[in-house]
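Notes for the one structure printed next.
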Amino acid sequence: MPENENEKPYLGTTMDPPKEVAACAHRYAELDVTTHYSFLRGASFPSDLVYTAANLGYHAMAITDRNSLAGVVRAFEAAKKVAGFCLIVGVRLVFVDGTPDLLAWPGDCDAYARLCRLLTRGKRAASKGECHLTLADFLDHNDGIYASLDATPSSSLSTIDTLQDAMGDRLSLS
């Protein structure tokens, strides 16, 4: 709460949006950006991230909050103000069955709808503020979704094979 009643709470960026993406010798897109909507994992407002990326010369950026698309809406509003900037919709899927995290980006509107249904399923299966997803849940909804598996040396080869069989060239390992 503000200390005095005339002071307004901070509701977003104080940055002025750049008119266009800054010149840069290399075309670069960050594909794993977490906003403050990923509680205790991200700290920045989506608009601040978009404007900073554009000022640094990034032509694209993916918002990938943890089991949530919440940051995408504010980032989209900010991205519309910057000529030449492309916002990529995404999510970091965190599973309860031991499957490594998966960054997921829908390739079209139908895939976005499937991703929303997947997140709804996970949130309905859990208490408020949580999301319980399994690999089987994802496999039921993966059509049209591109993904990158956050594989570690301890990642199960059977999990990787299962995802590769289901997704083909839409899966990469990070």
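Quick note: the sequence shown uses my numbering, first residue 574, plus one each step.
Note that CB positions come from ideal geometry on N, CA and C, so glycine has one too.
task: Give every residue of the same chain whose Cβ lies closer than 6 Å to the Cβ of Leu712, excluding the five residues on either side of it in the sequence, and list them in chain order.
output: Once the five neighbours on either side are set aside, the close Cβ partners of Leu712 are Ala739.
field: Length of the line joining the Cα atoms of Lys653 and Cys659
entry: 9 Å
- prompt: Going by DSSP, what residues sit across from Pro679 in a beta bridge?
  reply: Ile718
message: With three or more beta-carbon pairs closer than 8 Å as the criterion, would you say the segment 691 to 702 touches the segment 722 to 737?
response: In short, these stretches do not touch, since the Cβ pair count stays below three.
message: Give me the residue from Leu746, Leu708, Ala720, Ile661 with the minimum Cα distance to His632.
response: Ile661
task: Verify the CB distance criterion: does Leu708 have a CB-CB separation below 8 Å to chain D?
output: Checking the listed chains, one finds no chain D in this structure; it contains a single protein chain.
- prompt: Using DSSP with H/G/I as helix, E/B as strand and the rest coil, what is Ser620?
  reply: The DSSP-derived three-state label of Ser620 is helix.
Residue range of the alpha helix (DSSP H) that includes Ala772: No statement about residue 772 is possible, as the shown extent of the chain runs from 574 to 747 and does not include it.
- prompt: Which partner residues of Val664 appear in the DSSP bridge assignment?
  reply: Ala677
- request: Would you give the residue range spanned by the beta strand (DSSP E) that Met634 belongs to?
  value: 633 to 636
task: Could you tell me how far apart the beta carbons of Ala627 and Val645 are, in whole angstroms, since I believe they sit closer than 8 Å?
output: Actually they are not in contact, since the Cβ atoms of Ala627 and Val645 sit about 17 Å apart, beyond 8 Å.
message: Between the alpha carbons of Ala677 and Phe649, how many angstroms are there, rounded?
response: Straight through space, the alpha carbons of Phe649 and Ala677 are spaced by roughly 17 Å.
query: DSSP three-state call for Leu688: helix, strand or coil?
result: helix
query: Since Arg647 contacts Pro619 with CB under 8 Å, what's their CB separation in whole angstroms?
result: Confirmed, about 4 Å.
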